[in-house]
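A.B. asks: If you read the sequence shown in the working numbering, its first letter stands for residue 3, the second for the next number, and so on.
Yeah, the Cβ is synthetic: ideal placement off N, Cα and C, and Gly gets one too.
Here's a structure for you.
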Amino acid sequence: MFDSINEMQIPIPHDENGMVGRECPNSECLGFFKIKLGTGILEEGYNQCFCPYCGYKSTQEHFLTQEQLNYAKSIAIRETQNALEKEFRKWDRQLRSGTRNSFIKLSVEYKKNHQPIAYYAEPELETHLTCENCGLVYAVYGKFAYCPNCGADNTLQILKANLELVRKMIAQIKSQEDPEFREYLIHTALGNVVSAFDSFGKNTVTLFTKHTEKSEIRISFQNIIKAGEKIQKEFGLDIYDGLGDEKWQQIVVNFQKRHLISHNDAIVDEVYLTITSDRNSILGRAVIVSIEDIEDMLDSIEYIAKKLQSGLVDWKVKIK
Numbered sequence: 003m004f005d006s007i008n009e010m011q012i013p014i015p016h017d018e019n020g021m022v023g024r025e026c027p028n029s030e031c032l033g034f035f036k037i038k039l040g041t042g043i044l045e046e047g048y049n050q051c052f053c054p055y056c057g058y059k060s061t062q063e064h065f066l067t068q069e070q071l072n073y074a075k076s077i078a079i080r081e082t083q084n085a086l087e088k089e090f091r092k093w094d095r096q097l098r099s100g101t102r103n104s105f106i107k108l109s110v111e112y113k114k115n116h117q118p119i120a121y122y123a124e125p126e127l128e129t130h131l132t133c134e135n136c137g138l139v140y141a142v143y144g145k146f147a148y149c150p151n152c153g154a155d156n157t158l159q160i161l162k163a164n165l166e167l168v169r170k171m172i173a174q175i176k177s178q179e180d181p182e183f184r185e186y187l188i189h190t191a192l193g194n195v196v197s198a199f200d201s202f203g204k205n206t207v208t209l210f211t212k213h214t215e216k217s218e219i220r221i222s223f224q225n226i227i228k229a230g231e232k233i234q235k236e237f238g239l240d241i242y243d244g245l246g247d248e249k250w251q252q253i254v255v256n257f258q259k260r261h262l263i264s265h266n267d268a269i270v271d272e273v274y275l276t277i278t279s280d281r282n283s284i285l286g287r288a289v290i291v292s293i294e295d296i297e298d299m300l301d302s303i304e305y306i307a308k309k310l311q312s313g314l315v316d317w318k319v320k321i322k
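Set out below in structure tokens:
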């Protein structure tokens with residue numbers, strides 16, 4: 003009777019960039035992200051999806067958002083109502099025709115309740131990337147670690163993207179004439195470099211120690227000296243090896259400058275002078291950060307990040 007609604011395909015709307023939303027089904031995460039259909043692993047039958055935040059793995063249909071489910075449900079109800087209306091009209095015509103000459107006239111009426119479509123608008127996301135491993139185009143909120151399509155660890159790619167944003171920011175700073183605003187932007191750029199590296203380091207250690215005896219290790223990479231010491235102690239890795247004393251000292255100084263900016267109103271204190279031996283800074287005066295300071299440290303940060311990731315890869319292989 004209702005062959006027309008036995009099987010119903012409901013396409014999920016995509017945004018102007020061809021991307022559709024996904025929501026992690028893990029109740030402890032529920033992270034929202036977007037993927038671009040037609041990118042990533044395109045082999046027939048592949049239907050896996052990974053949460054980029056917590057790594058939860060399942061099939062694509064389990065990652066539909068609640069808004070998408072409500073939308074699909076409203077479409078299904080309306081289509082079902084339309085099919086029912088069509089069938090009841092057909093039945094009514096048959097009854098009227100069959101009882102036209104009878105003493106008892108039969109008819110049937112179907113009153114349809116109008117089903118509104120649950121349209122929705124998905125939120126914009128701040129980080130857009132293309133997975134270097136499988137080619138998936140996707141978008142996420144700030145901190146994440148996995149490709150939603152192949153599950154690859156993309157922490158280094160994320161760091162590179164964040165450092166590239168800093169480079170673009172520096173290009174804008176150079177054209178800024180207001181000295182106070184210029185200083186604010188330079189401080190912000192330095193903070194972004196340290197935050198990006200801290201996020202990379204934490205996520206990388208968490209990923210590689212997962213399901214190992216060191217899974218409870220927590221390392222803050224904002225204190226780059228202590229972070230290096232702990233990495234050496236726990237994993238036997240010297241992530242600064244090959245960097246050179248001058249570049250290493252430069253990173254230490256810049257990280258300490260960022261600490262002053264964040265925690266001491268950018269005023270030089272004795273701790274800063276003891277750690278850095280910075281002869282260009284004066285106790286009690288504002289610390290000076292130049293664009294050149296930040297530009298010079300970007301490649302060094304990426305070098306250290308690669309050393310950390312490759313070292314942990316080797317460490318993970320050895321313990322298996």
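Under 7 Å, do residue 202 and residue 129 count as touching if we go by C-beta distance?
C.D. replies: no
A.B. asks: Helix, strand or coil: how does DSSP classify residue 222 here?
C.D. replies: coil
A.B. asks: Determine the burial state of residue 155: buried for a count of at least 16 other Cβ atoms within 10 Å of its Cβ, exposed for fewer.
C.D. replies: buried
A.B. asks: Can you have a look at residue 281 and say buried or exposed, based on whether 16 or more other CB atoms are within 10 angstroms of its CB?
C.D. replies: exposed
A.B. asks: Is residue 51 closer than 7 Å to residue 28 when the C-beta atoms are compared?
C.D. replies: no
A.B. asks: For residue 313 and residue 264, which I take to be in contact (beta-carbon distance under 8 Å), what is that distance rounded to the nearest angstrom?
C.D. replies: Not a contact, Cβ separation roughly 28 Å.
A.B. asks: Whose C-beta lies closer than 6 Å to the C-beta of residue 199 among residues of the same chain, with five residues either side of it excluded?
C.D. replies: 223, 303
A.B. asks: So residue 233 and residue 300 are in contact, right, with Cβ under 8 Å, and what is the actual spacing, rounded?
C.D. replies: In fact, because the Cβ distance is near 21 Å, the residues do not count as touching under 8 Å.
A.B. asks: Can you tell me whether DSSP reads residue 3 as helix, strand or coil?
C.D. replies: No answer about residue 3 holds up, because its pLDDT of 47 lies below 50 and its placement is not dependable.
A.B. asks: If you follow the alpha helix (DSSP H) that residue 183 is in, where does it begin and where does it stop?
C.D. replies: Note, residue 183: alpha helix (DSSP H), 181 to 211.
A.B. asks: From this set, 102, 89, 132, 104, which residue's C-alpha is nearest residue 113's C-alpha?
C.D. replies: In terms of Cα proximity to residue 113, the closest of 102, 89, 132, 104 is 89.
A.B. asks: Just grab the DSSP bridge partners of residue 251 for me.
C.D. replies: In the DSSP output, where bridge partners are listed per residue, residue 251 has none listed.
A.B. asks: Measure the C-alpha to C-alpha separation of residue 308 and residue 208 and round it to an integer number of angstroms.
C.D. replies: 16 Å
A.B. asks: Any idea if residue 25 is buried or exposed, counting beta-carbon neighbours within 10 angstroms, 16 or more meaning buried?
C.D. replies: buried
A.B. asks: Is it right to say residue 151 is buried, meaning 16 or more other beta carbons lie within 10 angstroms of its own, or is it exposed?
C.D. replies: buried
A.B. asks: Are there 16 or more other CB atoms within 10 angstroms of the CB of residue 189, so buried, or fewer, so exposed?
C.D. replies: buried
A.B. asks: For residue 212, tell me which candidate among 278, 85, 92, 147 has the shortest Cα-Cα distance.
C.D. replies: Considering only 278, 85, 92, 147, the residue with the shortest C-alpha distance to residue 212 is 147.
A.B. asks: Specify, as a first and last residue, the run of the alpha helix (DSSP H) that residue 101 falls within.
C.D. replies: Premise fails: residue 101 is in no alpha helix (DSSP H) and is neither H nor E.
A.B. asks: Got a sec? Which residues, its chain only, sit under 6 Å from residue 321 by beta carbon, not counting five neighbours each side?
C.D. replies: none
A.B. asks: With DSSP as the reference, please indicate the residues paired to residue 288 in a beta bridge.
C.D. replies: 269
A.B. asks: With a threshold of 8 Å on Cβ separation, who are the neighbours of residue 165 within its own chain once the five nearest residues in sequence on each side are excluded?
C.D. replies: Closer than 8 Å at the Cβ level, and outside the excluded window around residue 165, lie 195, 198, 300, 303, 304.
A.B. asks: Buried or exposed for residue 283, going by 16 or more other Cβ atoms inside 10 Å?
C.D. replies: buried
A.B. asks: Could you tell me the distance, in whole angstroms, from the CA atom of residue 225 to the CA atom of residue 47?
C.D. replies: Across the structure, residue 225 and residue 47 are spaced so that their CA atoms are roughly 47 Å apart.
A.B. asks: Which residues mark the beginning and the end of the beta strand (DSSP E) in which residue 60 is found?
C.D. replies: Where residue 60 is concerned, the enclosing beta strand (DSSP E) stretches over 59 to 61.
A.B. asks: Between residue 68 and residue 49, is the Cβ-Cβ spacing less than 7 Å?
C.D. replies: Not a contact, by the Cβ cut-off of 7 Å.
A.B. asks: Grab the span of the alpha helix (DSSP H) containing residue 313 for me, first residue to last.
C.D. replies: 293 to 321
A.B. asks: Just checking my contact of residue 160 with residue 78 at CB under 8 Å: how many whole Å lie between their CB atoms?
C.D. replies: With 8 Å as the limit, residue 160 and residue 78 do not qualify as a contact, their Cβ atoms being about 38 Å apart.
A.B. asks: Ends of the alpha helix (DSSP H) at residue 30?
C.D. replies: Run containing residue 30: none; DSSP gives neither H nor E here.
A.B. asks: With a threshold of 16 other CB atoms inside 10 Å of the CB of residue 91, please say whether the residue is buried or exposed.
C.D. replies: exposed
A.B. asks: Looking at C-alpha atoms only, which residue of 106, 240, 72 is the closest neighbour of residue 14?
C.D. replies: 72
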